[in-house]
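Peer 1: Below is a structure I'd like to ask you about.
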Amino acid sequence: MSTNLHPMLNVAIKAARAAGAVINRAALDVENVRVAQKQVNDFVTEVDQASERIIIETLLGAYPQHGILAEESGSEYGNKNSDHIWIIDPLDGTTNFIHGFPVYCVSIALSYKGKIEHAVVYDPSRNDLFTATRGRGAFLNERRIRVSKRTQLKDCLVSTGFPFRPGDNLRHYLRMFADVTERVAGVRRPGSAALDLAYVAAGFTDGFFETGLSSWDIAAGSLLVTEAGGLVGNFTGEADFLEQRELLAGNPRAYGQLVGILGKYSKFAGVDDKMGVQAALKQDTAGEGTPEA
């Protein structure tokens, strides 16, 4: 642990590395990992649960009066009334993990009175450690990182996440996806929102957007992006995004241009924008039913 880091960030790093060791051991024999289904296409494994346990034990061992908000156990542990809340995703990218696809991570953030103050995103398969403390910058393996400097959307690489839960509006998403895809250099779907945000912070990608995300998916990554000089908000560009289940992040120039594209798809969009999107979706549906000449 570094003596230059805030003590709470050091504890989060210790917890993330311990969880990463659990994940790496399991990855050696992933076919024997027990998998349960929370709902259609939404999985949890014994590794998620073991990773979460060791994170919570480490954090509460150091700060027993702090609260916990974790993906698998919710607010079951810790002090629910604390101003300090640790927001934990013990294995972001579970579907990737159970298929042996090495894109997943541990995500830990500390919220103080509703603001994210410290963040760790740890990729155990690459031993990549992304860290940030509010006002102190963002780092990858102790090297300062910044968002990319690309200014034109046509040159930008953007990542996203596809809808996968029952009830998700796939047609709505595909329309949005098409609007972005035709304006950028490329779109990627890695499958781990926390890593997607870390990659925006590091300048590996220029932007990221997704719907249906929970606070534990985005809390740590959002601080990484802002501390690296980027912007994070909902699709209309508003900064109060943590509980809104839609997220947009990017370098400042890409972010502004993506708001111009995605704003009309936001659940906070104006009536005219929403009506325009519905009309376009109806037109798409009618076109699919038209026989070819």
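Take the sequence shown: its position 89, counted from the start at 1, is 94 in our numbering, and no numbers get skipped. In this text, a Cβ means the ideal position worked out from N, Cα and C, and glycines have one as well.
Evaluate P12 with the Cβ neighbour count: other Cβ atoms within 10 Å of its Cβ, from every protein chain shown; 16 or more gives buried, anything less gives exposed.
Peer 2: By the neighbour-count rule (16 or more Cβ atoms within 10 Å), P12 is not buried but exposed.
Peer 1: Could you spell out where the alpha helix (DSSP H) holding A304 opens and where it closes?
Peer 2: With the chain running from 6 to 298 in the structure shown, residue 304 is simply not present.
Peer 1: Counting C-beta neighbours from all protein chains within 10 Å, is the total for R258 16 or more, i.e. buried, or is it exposed?
Peer 2: Buried is the call here.
Peer 1: What number of angstroms, rounded off, separates the C-alpha of T186 from the C-alpha of D160?
Peer 2: Roughly 12 Å between the two C-alpha positions.
Peer 1: Would you kindly report the start and end of the unbroken beta strand (DSSP E) that includes L218?
Peer 2: No beta strand (DSSP E) contains L218, which DSSP labels as neither H nor E.
Peer 1: Give the straight-line distance between the Cα atoms of L236 and D97, rounded to the nearest whole angstrom.
Peer 2: Going from the Cα of L236 to the Cα of D97 covers about 22 Å.
Peer 1: Verify whether the separation of the beta carbon atoms of I92 and L74 is less than 7 Å.
Peer 2: Yes.
Peer 1: Confirm, please, whether the CB-CB distance from A206 to I150 is below 7 Å.
Peer 2: In this structure, A206 lies closer than 7 Å to I150 by Cβ.
Peer 1: By DSSP, does Y204 sit in helix, in strand, or in coil?
Peer 2: Of the three classes helix, strand and coil, the one that applies to Y204 here is helix, per DSSP.
Peer 1: Within 10 angstroms of the Cβ of D53, are there 16 or more other Cβ atoms? Answer buried if so, exposed if not.
Peer 2: Its Cβ being crowded by 16 or more others within 10 Å, D53 is buried.
Peer 1: Determine the burial state of N46: buried for a count of at least 16 other Cβ atoms within 10 Å of its Cβ, exposed for fewer.
Peer 2: Low local confidence applies: a pLDDT of 45 at N46 is under 50, so the model's placement there is unreliable, with the coordinate-based value given in what follows. So N46 ends up on the exposed side.
Peer 1: Could you spell out where the beta strand (DSSP E) holding S56 opens and where it closes?
Peer 2: It is not in any beta strand (DSSP E) - S56 instead sits in the alpha helix (DSSP H) that spans E51 to A67.
Peer 1: Have a look at L252 and T216 and give me their C-alpha separation to the nearest angstrom.
Peer 2: Answer to the nearest angstrom: the Cα atoms are 6 Å apart.
Peer 1: Closer than 6 Å to a non-hydrogen atom of the ligand SAH - does that hold for the CB of R193?
Peer 2: As for the ligand SAH, it is missing from this structure, which has no ligand bound.
Peer 1: To the nearest angstrom, how far is it from the Cα of A233 to the Cα of S197?
Peer 2: Answer to the nearest angstrom: the Cα atoms are 19 Å apart.
Peer 1: Rounded to a whole number of angstroms, what is the C-alpha to C-alpha distance between K279 and V27?
Peer 2: Each residue's alpha carbon lies about 45 Å from the other.
Peer 1: Taking the straight line between their C-alpha atoms, what separation do you get for N9 and E147?
Peer 2: Computed Cα separation, rounded: 11 Å.
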